[in-house]
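Take the sequence shown: its position 150, counted from the start at 1, is 149 in numbering that gives the first Met the number 0, and no numbers get skipped. Note that beta-carbon positions come from the ideal geometry of N, C-alpha and C, so glycine has one too. Here the structure comes first, spelled out in structure tokens, and everything after it is commentary.
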Amino acid sequence: MTDDRTHRRWISLGEVIAIVALIISALGVWITWKSSSEDKTTRVVEQRQAIPLTLRAKRQDDGRRLEIGAVESSHALESLRISFKGASPIEVGSDGILAASDVESALSSDDDAPKNRTLSARVQIDARYVEIGKERTSSGSYNLRYMWKGGGLFGGRSLHLISLSR
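Okay, here's the thing in structure tokens:
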């Protein structure tokens, strides 16, 4: 006797889990392959932040000149404009040399100033400079220290520059 009944088999839980795992693995391989074909080389560019301009001055020729320069070596001065209150501005080139004779004409109203005593004047400095290949401008208020020397019965007086500070 032969049994003509068809034998039906149900899929077990373990087989279902195996098929789902196979589908998830295939999907992961496809996503990895797809994203690797779209990846381009990533170029990292270092971004440098701009550094604010700060000026310093070196006294030269016993105070007859001040050499004004940037503190930061990456700054290259193009020009400076030094403004005194009530006087026309002094234009200084890229060398940064400020002559005492130029300051003397701006301080001509200072005729009664005491001699051989350190005095100071607030000045506004507008600078044009280059940093990281870009032209920039900066403006700031500085304190210019100076001294009148000489005078006397027959001699004239002369201005001697001492320092420049923030």
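Here A75 has Y128, V129 as same chain residues with Cβ atoms under 7 angstroms from its own Cβ, once five neighbours each way along the sequence are excluded.
Judged by DSSP in its simplified three-state form, V129 adopts strand. Contiguous beta strand (DSSP E) elements confined to the region 56 to 138 occur at 64 to 69, 74 to 83, 89 to 91, 96 to 98, 117 to 130, taking only those with 3 or more residues. The beta-carbon distance between Y141 and I124, rounded to whole angstroms, is 5 angstroms. This is short enough to meet the 8 angstroms contact definition. For N115, the CB contacts under 7 angstroms within the same chain, skipping 5 residues up- and downstream, are M146, K148 in chain order. Look at W9 here: in three-state DSSP terms it is coil, with no helix or strand label. Shown here, L160 sits in a strand according to DSSP, grouped into three states.
In this structure, the straight-line span from the alpha carbon of S119 to that of L163 is close to 9 angstroms.
Taking all protein chains in view, the Cβ of I81 is crowded by 16 or more other Cβ atoms within 10 Å, so the residue is classified as buried. Leaving aside the five residues that flank I50 on each side, the residues in its chain whose CB is nearer than 6 angstroms to its CB run, in chain order, E71.
A17 counts as exposed, since fewer than 16 other beta carbons sit within 10 angstroms of its beta carbon. Under the DSSP definition of a beta bridge, K148 partners with S157.
When DSSP states are grouped into helix, strand and coil, L21 belongs to the helix group. Going by C-alpha positions, L65 is about 15 angstroms away from A105. At least 8 angstroms separates the beta-carbon of L79 from that of S137.
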